[in-house]
Structure formats: C-alpha cells, structure tokens
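A short worksheet on the structure shown next.
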Amino acid sequence: MGSSLPSYTIRMLVLGLESSCDDCSAAVVEETASGPLLRSLVRESQDAIHGPFGGVVPELAAREHLLQVRAVMGGALAQAGVTPPEIDRIAVTRGPGLVGSLLATFSASKAVAWRHGIPWVGVHHLLGHLNAARFASPDLPFPALVLLVSGGHTHLYLAKDWTSLQLLQKTRDDAAGEAFDKTARMLNLGYPGGPLVDACAQMAPRAADPFTPPKFRDGKASWSFSGLKTGVKLRVERNPRLALAGATDPEVLGLCRSLQEAISAWLLKPIPALAQAHGALSLVISGGVACNSRLRAEATALAAREGLILALPEPRLCTDNGAMIAAAGALLPPDGDPWSQNADADLKLA
Ligand code: KG4
Ligand code: ZN
169 MGSSLPSYTI
179 RMLVLGLESS
189 CDDCSAAVVE
199 ETASGPLLRS
209 LVRESQDAIH
219 GPFGGVVPEL
229 AAREHLLQVR
239 AVMGGALAQA
249 GVTPPEIDRI
259 AVTRGPGLVG
269 SLLATFSASK
279 AVAWRHGIPW
289 VGVHHLLGHL
299 NAARFASPDL
309 PFPALVLLVS
319 GGHTHLYLAK
329 DWTSLQLLQK
339 TRDDAAGEAF
349 DKTARMLNLG
359 YPGGPLVDAC
369 AQMAPRAADP
379 FTPPKFRDGK
389 ASWSFSGLKT
399 GVKLRVERNP
409 RLALAGATDP
419 EVLGLCRSLQ
429 EAISAWLLKP
439 IPALAQAHGA
449 LSLVISGGVA
459 CNSRLRAEAT
469 ALAAREGLIL
479 ALPEPRLCTD
489 NGAMIAAAGA
499 LLPPDGDPWS
509 QNADADLKLA
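In this text, residue positions in the sequence shown follow this note's numbering: the first is 169, and each later residue adds one.
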C-alpha cells in the first residue's frame, strides 16, 4: 500500500477522455491511497460505421466523435453520480492517434476544464494503456516489461514506474492487431477482426499448418507480422472456398487457430531473455490484442514459469478507453492553461 490512508479516502476524482481512433470513451476514476477505482466507464463504438469499409475511415471517425463526445462525457459523469464541479482533474489523450479523432475529446476537455476551473492534463495514449494495469495490480513491482499490442502498436517497453516507458523492440511493419483484422477481412468474418478470429480459433477442432516465423538478416530484435497477411492470402488463393465458407467451417476455424497461435507465440518469444537482461520483476500486457484468449493463457503460463508477476487488465480496459487515461493522468503533473495546449497526432514519449 502506498500510504496509511484508508482505501475509501478520496484523494482525487479524475474524468478521463479518449478518442484517438474509433472509440469515444469517458470514465470517472477515483484515485485512492490504494490505487485507482473505476466509478464509471462509457464507450461508444463506431464498428457499424467503419465495418463496411473493413477499417477505420479517419474522416468518418472524426465526425462521429464530434456527435458522440457530449453524451459520452455526460454519461460517465451521470453514471458516477458526480457533476463537473466535483471533478478534481480532467485527463485527455493528447496523442498519438488520428488528429481529427483526437480533437473531439481534446477540445471538449479544454472547454469543461476552463468553464469549471479544473486542473487539466494531456496524456500519451501508450501511458494510458500501461496504466490500465493499475486497476487490478496497483502494487505491481518494477522494473516491468510492458507489451503494448493493438491495431496500431506492437511495442515492448521497459518501465521503471507507471509514468515511464523505454522502448526495447517493436514491429518493423504491421501491428499484430492488423494481422487479426486483415485475416478476418480475407475470410469475410466481419469487423473488427480480432474478437472474431479469437472466437473462431477457440472453436477449432484442430489447427491448420503452422505459420513460419520470419527471420531477420540484420539480427535486430523486432517483430514482423506482414508476412502473416501474405501467408493467409496465399492459403485463400490456393483454396478460394475459405473466403466464403464462414465461421462454422473447420478449415476456416483451423486457419484462425494457427494464426492466433503464431501471433501469441511470436509476441511472447523475446520476453524471458529480456526479463533476465533487465532484471524485470513483472510483465504488463495491454492494448486491444491483450484481449486475445490464447495470448492471455500463454502469458499466464510464461509468467508462472519465469517467476514474473503478470498484470493483464480486464478486456474492457485493454481496448481504448477513458479509464486508462484517467489512471495515467492522476499520476502526472497538470499542464498549464489548457487553451495553450494542442493535440499531437505523432506524439513521442518523453
Ligand atoms: O487498443 P485498441 O482498442 O485500439 C488501437 O489503439 O488500435 O485495439 C484494437 C485492436 C484491433 O486490431 C482488434 O482487432 C484487436 O485490438 N482485438 C483483438 C481482440 N480484441 C480486440 N485481437 C485479438 N483477439 C482479441 N480478442
Ligand atoms: Zn490503443
């Protein structure tokens, strides 16, 4: 425990807002002496809008966020039973992300902060994903290896605390989430692909032929997932039936299972050696792909084998959400005048 205060003592109520891609989300988080408590979480999905295009259309996402942000923010406050003047801090994603999307919650947060004189802080999206782990594991021992894996990121970091991330390795091409989403598209399973491929893989009576891991001539530690996309494409070209057979066909299920097994194994492969090299005591896995059933099971087994404490946020906190931004924002010093602040689509980690 961080202090002798009883856990019900309110230290700070934080309103967190996130709209970096296609989820518009707000949450109220109560930062207590023993960690963050989730008081409310609202998320509006845009899957029905982007689904027909097979991916996020930035202009449509931005327009939808503008329509959603007021109700999402109001919903989070109402669910938590608080009014804006009771909020001690507003935390919002500053970047990286789609700039049109970012600006919806960014601008709304500035207006509310100014109207009620609430201290305001802009948060790096990836610090948010790390802090999603704080809800279930507030006393996590550091240093930690942090695997952030989503539709836009596949990055492994070393963290010495909840507010620092030092890059160890990343994908050289596609993010792992893209491999899931594009496979689902080639198999006509629907959108977004990750949860659908996961469901198919779990139903598979047996796996298809395994995918071969890529070899890097330069020997640099990294990942590559674009070959998986080509691998699935070749299998579908050889067997066009797969594109239309649907989510009950054993061969489609088997292909999903092989893909999921490959992604999970490749993601976790570097962990033991890096944990040793950096003296890591724990492993955090967050981002949308951290919802994957196989990755969660394999990571649990690996952590037990390697003696690492595993922090796996519950699935609704792994995908983009306002709660993780509030949890990170609670630990950062507030920025100055919000009106002078800007969103940054390409924001770098400090
Ligand atoms: O973190 P997130 O909500 O947004 C980004 O910042 O990208 O992650 C979305 C990604 C998508 O690629 C989605 O297909 C993937 O996470 N995803 C999954 C699962 N649930 C979501 N991938 C594999 N298995 C899942 N169960
Ligand atoms: Zn994300």
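Even glycine gets a Cβ: it sits at the ideal position worked out from N, Cα and C.
Buried or exposed by the 16-neighbour rule on C-beta atoms within 10 Å, applied to residue i
i      : result
HIS284 : exposed
GLY249 : exposed
THR487 : buried
ALA194 : buried
SER508 : exposed
PHE221 : exposed
TRP434 : buried
GLY475 : exposed
ASP307 : exposed
ALA443 : buried
ASN407 : exposed
ARG409 : exposed
PHE384 : exposed
LYS328 : exposed
Residue i (DSSP reduced to helix, strand or coil)
i      : result
GLU346 : helix
GLY223 : coil
CYS290 : The identity of residue 290 in the sequence shown is Gly, whereas the question assumes Cys. GLY290: strand per DSSP, three-state reduction.
SER172 : Residue placement at SER172 is poorly supported in this model, since its pLDDT is 44, which falls under 50; the coordinates are not used for a value here.
ALA479 : strand
PRO253 : helix
THR487 : coil
THR273 : helix
THR416 : coil
CYS189 : coil
ARG403 : helix
ALA372 : coil
ALA239 : helix
THR339 : strand
ALA513 : coil
Beta-carbon contacts of residue i that lie in its chain and below 8 Å, excluding the five residues immediately before and after
i      : result
ASP256 : MET180, LEU181, VAL182, ILE286 and PRO287
ALA513 : GLY263, PRO264, GLY265, LEU266, VAL267 and LEU270
PRO226 : LEU266, GLY268 and SER269
TRP282 : PRO506 and TRP507
THR251 : LEU245
ALA441 : none
Contacting residues, own chain, Cβ-Cβ under 7 Å from residue i (five flanking each side not counted)
i      : result
GLU199 : ARG179, MET180, VAL182 and ALA498
GLY319 : ALA343, GLY345, GLU346, ASP349 and GLY456
SER394 : ASP341 and ASP342
ILE217 : LEU228 and GLU232
LEU436 : GLU466, ALA467 and LEU470
GLN370 : SER461
LEU206 : ALA195, VAL197, PHE303 and ALA491
Residue i versus residue j: straight-line alpha-carbon distance, rounded
i      : j      : result
ARG340 : ARG211 : 31 Å
VAL420 : GLY361 : 14 Å
HIS233 : HIS297 : 20 Å
GLY184 : GLU482 : 18 Å
ARG238 : ILE439 : 41 Å
GLY243 : SER208 : 9 Å
LEU478 : ALA300 : 13 Å
ALA411 : THR398 : 14 Å
SER305 : ALA259 : 21 Å
ALA448 : THR322 : 19 Å
LEU451 : LEU336 : 14 Å
ALA372 : GLN428 : 11 Å
GLY414 : LEU485 : 30 Å
LEU315 : HIS446 : 14 Å
ASN489 : LEU517 : 19 Å
PRO501 : SER332 : 14 Å
Closer than 8 Å to chain C by CB, residue i
i      : result
VAL210 : Note that chain C does not occur in the displayed structure, where there is just one protein chain.
Cβ-based neighbour list, residue i, same chain, cut-off 6 Å, excluding 5 preceding and 5 following
i      : result
GLN247 : SER208
ILE493 : GLY184, GLU186, ALA259, THR261, VAL291 and GLY296
**Message:** Give the residues whose C-beta lies closer than 7 Å to at least one heavy atom of the ligand ZN, in chain order.
**Reply:** Counting only beta-carbon distances shorter than 7 Å to the non-hydrogen atoms of the ligand ZN, the qualifying residues in chain order are SER188, CYS189, HIS293, HIS297, SER318, GLY320, HIS321, GLY455, GLY456 and ASP488.
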